[in-house]
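Here is the structure we will look at, set down as C-alpha cells.
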Amino acid sequence: MPRLTINVDREKLAADIRELKSVEPLPTSALRLVNVCKESDVHSNEVITIIQSEPAIAARVLAVANSPLYGYSRRISTISHAVVILGIRNISQLALSFAARAAFCGSGQSNEFCTKLYRHSLGCGLMAGHLAEVCDVDEPNHAYLSGLLHDIGKLVFVQLLKDDYVTLAINTPHEQLVQVEDELFGLNHQNVGERCAEKWGFPLDIRKAIGNHHLSDSKSDCGSLMSVVAAANFLSKSRGIGCLPEQYTAKPLQGNTILSEMNPDELELLISAARVEYEILASTR
Ligand SMILES: [Fe+2]
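Using this note's numbering, the first residue of the sequence shown is number 227, and each one after it goes up by one.
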C-alpha cells in the first residue's frame, strides 16, 4: 500500500508541540489527579477531595469498588471508605482511569479512533501496574500512570491534525508508525508524549518511559520502568487486553528484559489479572 502523505507545516507543528499552548490533551480534572498521583507518596486527602469534586468519576470509582473485582462483602458508599478498604493506590488508579476516559473519549472529534486508543491505553496501564509489582522498579506507582498515558502524543496529534492523523494512524502498520511520523512531521508520538510529560512536571522515569515505549532495552539506556511500559504495550496489544489480538500483527518485542526473564506461568497470571480488571473497568458506565 502506498504511503499516505499529509501536507503539514512542520515548523508550525514543531512550535505548537514545543509550546503546547493551543492544545491540552488532558482536562483539568485529569491533570489534578495526575499531579497528585505522580508523587512517590500519594496523599489520600488530596485524592479524595479531587474525586469528590467530580461526581461522574466518584460514581464510577464506587461502582468498581463494589464490584466482584474486590469481593468486599459490605457496601462501600463513600470515597473515603473506599480508600480505607481498598487502599489509596487502587482508588487513585481507578480515578485516573475514568478521568482519562473522559479526556480520550469526550472530545467528539475522531471519536472511534480515540475510544480505541483509550481502551488500549487502559489495557497497557493495567498490564504495566501488574508487571511493576513483580519487577525491580524504583517507583511502582509510576507504572500505571506511564502505561495509561504512554500514547498521549497520539491524542495531541489528533487535536492538531484532526482526521488527517487518524487516517494516517489507521492505515499505517503498528511497527512503522513511529518511523512514518518522523518522516512526515519530523517528530513522533513518543517525542510528543515526552514533551507533554515534561510540561506536566512528571519525574524523569515517567518521561523516559513514555518517550521510549516502542524501544527494546537494548536500544535504550533507560531504566526498568521503560522496560515495564514497553513490555506492557506489547502484551496488551498481542494478548488482546483493550483490543482484539488479531488486530496486532507486529513481530515479538526483541531484547526486552521483562519478557525474556519472567517466569512464563507468573506472566500468564499477571496477564489474566490485567484482563479481568480491564473488563470490569471498561464495562463500568
Ligand atoms: Fe505508541
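Ideal Cβ positions, reconstructed from N, Cα and C, are used throughout, including at glycine. Quick caveat, the model's predicted, so the values are computed rather than measured.
### Query
What distance in whole Å lies between the Cβ atoms of P253 and I378, which are believed to be in contact at a cut-off of 8 Å?
Walking along the sequence shown from the start, residue 378 turns up at place 152. Walking along the sequence shown from the start, residue 253 turns up at place 27. Going by Cβ atoms, the distance from I378 to P253 rounds to 13 Å, so no, they are not a contact pair.
### Query
Thinking just about the alpha-carbon of each residue, which of A354, G297, T341 and A326 is nearest to the one in S453?
Numbered from its first residue, the sequence shown carries residue 453 at position 227. Checked all of A354, G297, T341 and A326; the closest Cα to S453 is A354.
### Task
Please find out if some non-hydrogen atom of ligand 1 comes closer than 7 Å to the beta-carbon of H368.
Counted from its first residue, the sequence shown places residue 368 at position 142. No, the beta carbon of H368 sits no closer than 7 Å to any heavy atom of ligand 1.
### Task
Report back the beta-carbon spacing between I277 and A285 to the nearest angstrom; my notes put them in contact at under 8 Å.
Walking along the sequence shown from the start, residue 277 turns up at place 51. Walking along the sequence shown from the start, residue 285 turns up at place 59. So it is not a contact: roughly 10 Å between Cβ atoms.
### Query
By DSSP, does V262 sit in helix, in strand, or in coil?
Locating residue 262 in the sequence shown gives position 36, where the first residue counts as 1. Three-state result, V262: helix.
#### Entry: Selected residue, minimal CA-CA separation from L496, among I506, E420 and A358
Against the sequence shown, residue 496 aligns to sequence position 270. Of I506, E420 and A358, the residue nearest in Cα terms is A358.
### Query
Taking the alpha carbon of Y504 as the point to measure from, which residue in F324, E265 and V262 has its own alpha carbon closest?
Position 278 of the sequence shown, counting from 1, holds the residue named residue 504. Minimum Cα distance to Y504 is reached at F324.
#### Entry: Three-state secondary structure (DSSP) of S444
Along the sequence shown, one-based indexing puts residue 444 at 218. With a pLDDT of 49 at S444, under the threshold of 50, the predicted position of this residue should be treated as unreliable, though the coordinate-derived value follows. S444: helix per DSSP, three-state reduction.
### Task
Give me the Cβ distance between L322 and L259, rounded to the nearest whole Å; I'm assuming they're in contact under 8 Å.
As a first step, residue 322 must be located in the sequence shown, where it is residue number 96. As a first step, residue 259 must be located in the sequence shown, where it is residue number 33. So it is a contact: roughly 5 Å between Cβ atoms.
#### Entry: Given L507 as reference, the closest of Q385, E365, L493 and H346 once Cα atoms are compared
Numbered from 1 along the sequence shown, position 281 holds the residue referred to as residue 507. In terms of Cα proximity to L507, the closest of Q385, E365, L493 and H346 is H346.
### Message
With three or more beta-carbon pairs closer than 8 Å as the criterion, would you say the stretch 413–424 touches the stretch 234–253?
### Response
Yes, since at least three Cβ pairs between the stretch 413–424 and the stretch 234–253 fall closer than 8 Å, the two stretches touch.
### Query
Thinking just about the alpha-carbon of each residue, which of E494, I305, I311 and E487 is nearest to the one in S450?
Translated into the one-based positions of the sequence shown, residue 450 becomes position 224. Ranking E494, I305, I311 and E487 by Cα distance to S450 puts E487 first.
### Message
Between which residues of its own chain and C469 is the CB-CB distance below 8 Å, once the five residues before and five after are set aside?
### Response
Counting from 1 along the sequence shown, the entry for residue 469 is found at position 243. Answer for C469: K342, R345, H346, G349, S462 and K463, listed in chain order.
#### Entry: Pick from W426, P429 and F383 that is closest to F411, judged by C-alpha positions
By 1-based counting over the sequence shown, the position of residue 411 is 185. The shortest Cα separation from F411 among W426, P429 and F383 belongs to F383.
#### Entry: Nearest to V249 (by Cα), restricted to the options S509, C422 and V455
If you number the sequence shown from 1, residue 249 lands on position 23. Each of S509, C422 and V455 was checked against the Cα of V249, and the nearest Cα belongs to C422.
### Message
What would DSSP say about M353, mapped onto helix, strand or coil?
### Response
As a working note, residue 353 is residue 127 in the sequence shown. Looking at M353 - three-state DSSP - the assignment turns out to be helix.
#### Entry: Buried/exposed call for H269, threshold 16 Cβ in 10 Å
Along the sequence shown, one-based indexing puts residue 269 at 43. Counting Cβ neighbours within 10 Å, H269 comes out exposed, since fewer than 16 surround it.
### Task
Answer with buried or exposed for N233, where buried requires no fewer than 16 other C-beta atoms within 10 angstroms of its C-beta.
For the purposes of this step, residue 233 is taken as the residue at position 7 of the sequence shown. Burial call: exposed.
### Message
With distance defined between alpha-carbon atoms, name the residue in N367, R465 and V406 nearest to F428.
### Response
Locating residue 428 in the sequence shown gives position 202, where the first residue counts as 1. That would be N367, whose Cα lies nearest to the Cα of F428.
### Query
For ligand 1, is there a heavy atom less than 7 Å away from the beta-carbon of V377?
Residue numbering aside, residue 377 sits at position 151 when the sequence shown is read from its first letter. For the record, residue 377 in the displayed sequence is Asp; it is not Val. Under cutoff, so the answer is yes.
### Message
Quick check: the Cα distance between C331 and V363, rounded to an integer number of angstroms?
### Response
Within the sequence shown, residue 331 is the residue found at index 105, counting from 1. Within the sequence shown, residue 363 is the residue found at index 137, counting from 1. In a straight line, the C-alpha of C331 is about 31 Å away from that of V363.
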